[in-house]
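Q: In the numbering used here, the protein residues as written are 10 to 448.
Built from N, CA and C at the ideal position, the CB exists for glycine as well.
Dropping the structure in here first, questions after.
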Ligand code: ADP
Ligand code: ASP
Ligand code: MG
């Protein structure tokens, strides 16, 4: 058996957490390849090292003094070194990073140093080989992940190493410049390493005992999902269940490597399994609920639009020309609604509206902002009747006005649009009927 283990920021936030991590790794000899994040928050008021690096580099790039913020970063690592009694100094590394900041080496380089330095410390602590992600994870010139080169180089490199630490979150372009994934991207690195190493399992260690049916910041003590499919997880992660990066399943999905979400602070808990497919029914009609605030709906009305050939294409053209991607597109006979991200849309609003007018000559265009989208996801919904009806009545009881509802043709998810201010109430209402009342 070969396992790849990724530890998130809170799992490696200080010396005490490093001790737990070491215990977990050493307790199973199959845990051979380790992917660390940068040190996260030790408590609610603390800062993530990645955020401090962005802040310091922001100052450096404006030629302002960044020494105070940089000192905080150094202190975090030095605290770990002294807390663990390591005989290593990062002073040389700090100097190089400082010099590169002055040379304006780029934001991605700056942010990546959090994982890089933590990887050096963890490798030293475990006495594992350190493999710099810049040498084994690659990006194409357009910023997309270069999977072909990465899988080959990383596979060959790991073949010769029994146990290694590979920092998360970054890689490099062909010319050596550093590039990061989007925030939370160490999850993706873990998945890439699991695939390249042909691992049997990808364990993703975090600060919760698995993937919960709903966001624990909204539902107190939510139920844990024991088993979830890649597809369900992707829907939930994309819609804000931030426990795992939404792109983290792609590298392992084709190979069918299961992901096990585990809690560094409660290593005995079994956590959640994310798998390709399962015959196991989920405990409730739904597998999970997630959602995000900050959407706008653009409602276009025109009599007999459904018989006008090319109408939909022209509507979407207006959005495409303004480089706006759309999230959902529920439609009626004479209406079509396009749901977009508010922050992307708002500055281009008038340009989109005028183009819609020009291309489609609608009867009316009505824009509504401050909407939240909620995804109710579940492989079990296909075989159970009346799920959307139950959602509707639960929301009506909770006094939540439903603005939109869209059921994917896969019958795997139902998307509900509500006002931002109804978001939490709506999630609670849906959780209550399916999980607490088990309807
Ligand atoms: P890490 O630093 O280990 O990568 P993250 O902060 O990225 O951890 O992800 C874990 C957090 O995700 C949890 O602490 C929790 O607050 C949040 N979260 C949001 N939705 C869910 C969910 N459905 N299940 C579990 N955790 C969730
Ligand atoms: N440290 C990075 C972040 O804060 C990546 C990660 O934690 O996965 O986004
Ligand atoms: Mg994370």
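Checking 9 angstroms against the spacing of the C-beta atoms, do residue 62 and residue 46 come in under that value?
A: In this structure, residue 62 sits away from residue 46, with a CB-CB distance that is not shorter than 9 angstroms.
Q: I need the straight-line Cα distance from residue 369 to residue 323, nearest angstrom please.
A: 6 angstroms
Q: Can you tell me which of the three DSSP states residue 451 falls into?
A: The question about residue 451 has no answer, for the chain in this structure spans 10 to 448.
Q: Going by C-alpha distance, which of 175, 313 and 334 is nearest residue 372?
A: 313
Q: Just to confirm, is the Cβ distance from residue 127 to residue 48 under 9 angstroms?
A: The answer is yes: Cβ separation under 9 angstroms.
Q: Along the chain, where does the alpha helix (DSSP H) that runs through residue 306 open and close?
A: Element bounds for residue 306: not the alpha helix (DSSP H) but the beta strand (DSSP E), 297-310.
Q: What would DSSP say about residue 226, mapped onto helix, strand or coil?
A: Looking at residue 226 - three-state DSSP - the assignment turns out to be coil, as it is neither helix nor strand.
Q: How would you write the range of the alpha helix (DSSP H) that residue 359 sits in, first residue to last?
A: Here the alpha helix (DSSP H) through residue 359 covers 358-369.
Q: For the segment 196-204 and the segment 227-245, state whether three or more C-beta atom pairs, one from each stretch, are separated by less than 8 angstroms.
A: no
Q: I need the straight-line Cα distance from residue 292 to residue 447, nearest angstrom please.
A: Cα to Cα, residue 292 sits roughly 9 angstroms from residue 447.
Q: Would residue 219 and residue 297 be called neighbours here (beta carbons separated by less than 9 angstroms)?
A: no
Q: Tell me, which residues are paired with residue 138 by DSSP?
A: 173
Q: Quick check: is any heavy atom of the ligand ADP less than 8 angstroms from the C-beta of residue 153?
A: no
Q: Can you list the residues near the ligand MG, meaning Cβ strictly closer than 6 angstroms to any non-hydrogen atom, in the order they appear in the chain?
A: 17, 193 and 196
Q: Taking the alpha-carbon of residue 417 as reference, which of 404, 164, 338 and 261 has the nearest alpha-carbon?
A: 338
Q: How long is the line joining the alpha carbons of residue 242 and residue 282, rounded to whole angstroms?
A: 10 angstroms
Q: Suppose you measure from the CA of residue 237 to the CA of residue 355; what does that come to, to the nearest Å?
A: 36 angstroms
Q: Count the other CB atoms, across all protein chains shown, that sit within 10 Å of the CB of residue 84; report buried if there are 16 or more and exposed otherwise.
A: exposed
Q: Going by beta carbon distance, what residues of the same chain come within less than 6 angstroms of residue 276, once the five residues before and after it are set aside?
A: 33
Q: So residue 318 and residue 174 are supposed to be a Cβ contact under 8 angstroms. How far apart are they, rounded?
A: Actually they do not touch by this definition, with Cβ atoms about 59 angstroms apart.
Q: For residue 257 and residue 80, what's the separation of their Cα atoms in angstroms?
A: 33 angstroms
Q: In its own chain, which residues sit with a C-beta less than 6 angstroms from the C-beta of residue 170, not counting the 5 before and 5 after it?
A: 138
Q: Out of 422, 367, 429 and 321, which has the shortest C-alpha to C-alpha gap to residue 351?
A: 429
Q: Roughly how many angstroms lie between the CA atoms of residue 436 and residue 280, to the nearest whole one?
A: 23 angstroms
Q: Compare the Cα-Cα distances from residue 124 to each of 180, 12 and 419 and report the closest residue.
A: 180
Q: Quick check on DSSP: helix, strand or coil for residue 58?
A: Residue state for residue 58 is assigned as helix, using DSSP reduced to three classes.
Q: Roughly how many whole angstroms lie between the Cα atoms of residue 361 and residue 308?
A: The C-alpha of residue 308 is placed about 12 angstroms away from the C-alpha of residue 361.
Q: So, are the CB atoms of residue 38 and residue 210 less than 9 angstroms apart?
A: No, the Cβ-Cβ distance between residue 38 and residue 210 is not below 9 angstroms.
Q: Use the C-beta contact count for residue 195: other C-beta atoms within 10 angstroms, 16 or more gives buried, fewer gives exposed.
A: With 16 or more Cβ atoms within 10 Å of its Cβ, residue 195 is classed as buried.
Q: Could you check what DSSP says for residue 80 in three-state terms: helix, strand or coil?
A: helix
Q: For the candidate residues 294, 445, 207 and 378, whose alpha-carbon lies nearest to that of residue 394?
A: 294
Q: Do residue 163 and residue 206 count as a contact pair if the criterion is CB distance below 9 angstroms?
A: yes
Q: Considering only the alpha carbon of each residue, which of 208, 141, 364 and 336 lies closest to residue 415?
A: 336
Q: For residue 416, which beta-bridge partners are listed by DSSP?
A: 423
Q: Closer than 8 angstroms to a non-hydrogen atom of the ligand ADP - does that hold for the CB of residue 148?
A: no
Q: So the candidates are 384, 420, 146 and 167; which of them puts its Cα closest to the Cα of residue 249?
A: 384
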